[in-house]
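Student: So for the sequence shown, our numbering puts the first residue at 488; every next one is plus one.
Each residue gets a CB set at the ideal place from its N, CA and C atoms; glycine is no exception.
My structure is below; once you've seen it, I'll send some questions.
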Amino acid sequence: EKYTHRTSNMFSTIRRFSLAAAILAYQNAVAEAFALSFGAVEIRGLSSLQSTASNEDWSRPDLQGSSLVDDTLLQMESDAEFQELSKKIARIGADGMTKEERAKRRRALDELGVPNFMQFVAENDDGANAGEDESPVRNRQLHRSKPNILQLNIGLYCNQACSHCHVESSPLRKEETMSADVAARCLGLLRNSPDVDTLDLTGGAPELNGQFRFLVRLAREWANENERKLTIIDRCNLTVLLEPGQEDLVDFLKENRVNVVASLPCYGEENVDAQRGRGVFQRSVAALLKLNEAGYGTQEHPDLELDLVYNPSGPFLPPSQTSLEVDYKRELMENFGIRFNNLLTITNMPIKRFADFLAKEGKMKEYMELLVNNYNSQTVGGLMCLNTVSVGWDGALYDCDFNQQLGMGIMGKSEGGAKRRKLEVFDIESLTDLEKYAVRTDNHCFGCTAGSGSSCQGATA
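Rendered as structure tokens:
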């Protein structure tokens, strides 16, 4: 009853769009009706199905060299929920928050009568992995394959403070930054791991970390000298391209053939600003046009890939990645002249800021039920934890970026060590040393196996 009128009006305006666009519109209509709040800005009506273009110059050269940091800090200061969360972290610590989140997820699953993740996977295996010599599911554990992706979270500092951010990055996270010693060791592991063909740099805003260009430049030089095929990925929030001191960043990325994977949770201004902060959409459009001008996302430069990332604006699963990509390409081209290669859809994981939102809205049980009911055994073989090693800014080793944010490190023994402990980059000589360790799982993993699956590379099934 609360949103019948609004959704009926919404559906009457979207008959000419695809099913994926209709789902996206419906989800945002429901989000508005329930007055969901995601940090700095309250979600307002979806404008993504209406043209946001005008005669103004969306390239916005006046924004180049201007910082978003001060505005982000002001929004954080005026955000009551953020201030409350900050006080709670100060009181019980990040580890205490993680334990509390886990307990809430487990309580929700207990109420639903759902066992732990690996038991559920084993009990609901429909044969998708049967008959495979290297099935990842054995003895109710996930076993990794040879790692081919080295993902480095090089720091939590960011010029934004997005509401869905599972890393909880912001301009306040100045201390959690990768050192030169850890960065150099990561490059050594890259050299010693012959199956790794992708170096994936993330954050925070990784470009604002002092080690970013060092890692990119040396990795590319080494790959060229050794004739080794290496994909380097920059997970970019787009607005960083306009920050002071980053005027040459696009040229640097192009020179070193770095693929850009950029967050853009919608193709409408209001919804993007609701999730990512005031003024972010216009800056993002300007940044995308700047990347296009350099050749990114264009047919003329197929080696300069530009992918966009969509995540839902509320407690929903993403629409079809393929169908939504069509809508993104149409809307961004028609309204702004923007081109890109692929759209990646990622499910909101019930951790950190999103977990806090679910708890406040009393929707943790509902969301966990959604994930469990949409479990897809076809996604298990494509889980990113099977072929990815994630490294924290401090050098700690993890199965994936989500485990990293929950402090669930890879447990093992260093050479000569007697007790199992969390391993670091200095404890191993090659990423293949980690193959003997099973992947650590918990109840948040349902987020990666729901629907079409979810990973840092998008849908998995």
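Quick one: using the 10 Å Cβ neighbour count with 16 as the cut-off for buried, is Asn-930 buried or exposed?
Tutor: Your numbering for residue 930 matches position 443 in the sequence shown. Asn-930 is buried by the Cβ-count criterion.
Student: Identify the residues that DSSP records as bridge partners of Ile-719: which are they?
Tutor: The residue you call residue 719 lines up with position 232 of the sequence shown. Ile-719 pairs with Leu-686, Val-745.
Student: When the Cα of Glu-780 is compared with those of Gly-824, Arg-625, Leu-695, Ala-749, which residue comes out closest?
Tutor: By one-based count along the sequence shown, residue 780 stands at place 293. Nearest of Gly-824, Arg-625, Leu-695, Ala-749 to Glu-780, Cα basis: Gly-824.
Student: Just how far apart, CA to CA, sit Ala-590 and Asn-874?
Tutor: Position 103 of the sequence shown, counting from 1, holds the residue named residue 590. Position 387 of the sequence shown, counting from 1, holds the residue named residue 874. Their backbone Cα atoms lie some 28 Å apart in a straight line.
Student: Identify whether Leu-793 lies in helix, strand or coil by the three-state DSSP scheme.
Tutor: Mapped onto the sequence shown, residue 793 falls at position 306. In the structure shown, Leu-793 sits in a strand (DSSP, three-state: E or B).
Student: Could you compute how far the alpha carbon of Leu-857 sits from the alpha carbon of Gly-552?
Tutor: Residue 857 sits at position 370 when you count from the first residue of the sequence shown. Residue 552 sits at position 65 when you count from the first residue of the sequence shown. Distance between the alpha carbons of Leu-857 and Gly-552: 43 Å.
Student: Can you tell me the Cα-Cα spacing of Asp-760 and Val-767, whole angstroms?
Tutor: In the sequence shown, counting from the first residue as 1, residue 760 sits at position 273. In the sequence shown, counting from the first residue as 1, residue 767 sits at position 280. Approximately 6 Å between the Cα atoms of the pair.
Student: Report all residues from its chain with a CB closer than 7 Å to the CB of Thr-726; omit the five preceding and five following residues, and keep chain order.
Tutor: Locating residue 726 in the sequence shown gives position 239, counting from the first residue. These residues qualify, in order along the chain: Leu-555, Asn-646, Gln-647, Val-767, Arg-770, Ser-771, Ala-774.
Student: Would you report the Cα separation of Gly-691 and Asn-626, rounded to the nearest angstrom?
Tutor: For the purposes of this step, residue 691 is taken as residue 204 along the sequence shown, with counting starting at 1. For the purposes of this step, residue 626 is taken as residue 139 along the sequence shown, with counting starting at 1. Their Cα atoms are separated by approximately 36 Å.
Student: Residue range of the alpha helix (DSSP H) that Ile-897 falls in?
Tutor: Stepping through the sequence shown from its first residue, residue 897 is reached at position 410. From DSSP, Ile-897 is part of no alpha helix (DSSP H); its letter is neither H nor E.
Student: Mind reading off the beta-carbon distance from Val-926 to Gly-882? Whole number of angstroms is fine, and I expect it under 8 Å.
Tutor: As a first step, residue 926 must be located in the sequence shown, where it is residue number 439. As a first step, residue 882 must be located in the sequence shown, where it is residue number 395. 20 Å between Cβ atoms; not a contact.
Student: By the DSSP assignment, the alpha helix (DSSP H) with Gln-562 in it spans what residues?
Tutor: The sequence position of residue 562 within the sequence shown is 75, counting from 1. From DSSP, the alpha helix (DSSP H) with Gln-562 extends over 556-565.
Student: Going by C-alpha to C-alpha distance, which of Arg-907, Asp-794, Ile-719, Ile-636 sits closest to Pro-752?
Tutor: Against the sequence shown, residue 752 aligns to sequence position 265. Among Arg-907, Asp-794, Ile-719, Ile-636, the Cα nearest to that of Pro-752 is on Asp-794.
Student: Spell out the partners DSSP gives Asn-829 in its beta bridges.
Tutor: As a first step, residue 829 is located in the sequence shown; it is residue number 342 there, counting from the start. DSSP, once it has assigned bridges, lists Asp-794 as partnering Asn-829.
Student: Under the DSSP definition of a beta bridge, which residues are partnered with Ser-750?
Tutor: For the purposes of this step, residue 750 is identified with residue 263 of the sequence shown, where counting begins at 1. In DSSP, Ser-750 forms a bridge with Val-796.
Student: Return the CA-CA distance between Ala-609 and Glu-598, expressed in angstroms with no decimal places.
Tutor: Numbered from 1 along the sequence shown, position 122 holds the residue referred to as residue 609. Numbered from 1 along the sequence shown, position 111 holds the residue referred to as residue 598. When rounded, the distance between both Cα atoms is 20 Å.
Student: Please name the residue or residues paired with Ser-636 in a DSSP beta bridge.
Tutor: Here residue 636 corresponds to residue number 149 of the sequence shown, with the count starting at 1. What sits at residue 636 in the sequence shown is Ile, not Ser. Answer is Thr-685, Thr-875.
Student: Do the CB positions of Phe-701 and Pro-693 come within less than 8 Å of each other?
Tutor: Residue numbering aside, residue 701 sits at position 214 when the sequence shown is read from its first letter. Residue numbering aside, residue 693 sits at position 206 when the sequence shown is read from its first letter. Cβ atoms of Phe-701 and Pro-693: not closer than 8 Å.
Student: Can you tell which of Thr-809, Ser-941, Leu-830, Asp-814 has the C-alpha that lies nearest to the C-alpha of Tyr-862?
Tutor: Numbered from 1 along the sequence shown, position 375 holds the residue referred to as residue 862. For the residues Thr-809, Ser-941, Leu-830, Asp-814, the minimum Cα distance to Tyr-862 belongs to Ser-941.
Student: Given 7 Å as the limit, tell me if Asn-863 has its C-beta closer than that to any heavy atom belonging to the ligand ZN.
Tutor: Looking at this structure, you won't find the ligand ZN or any other ligand, since it has none at all.
Student: Quick one: give me the first and last residue of the beta strand (DSSP E) that Gln-769 is part of.
Tutor: Here residue 769 refers to the residue found at position 282 of the sequence shown. Per DSSP, Gln-769 belongs to no beta strand (DSSP E); it is in the alpha helix (DSSP H), 767-780.
Student: Out of curiosity, what's the CA-to-CA distance linking Arg-907 and Tyr-885?
Tutor: Counting from 1 along the sequence shown, the entry for residue 907 is found at position 420. Counting from 1 along the sequence shown, the entry for residue 885 is found at position 398. If I take the Cα positions, the gap works out to 15 Å.
Student: Given 8 Å as the limit, is there contact between the stretch 842-852 and the stretch 912-923, that is, 3 or more CB pairs closer than that?
Tutor: The stretch 842-852, when compared against the stretch 912-923, does not touch it at the 8 Å Cβ threshold.
Student: I'd like the list of long-range same chain contacts for Pro-802, defined as Cβ closer than 6 Å, with 5 residues on each side in sequence excluded.
Tutor: Position 315 of the sequence shown, counted from the first residue, corresponds to residue 802. If we look at Pro-802 and ignore the five residues flanking it on each side, its Cβ neighbours are Lys-850, Tyr-854.
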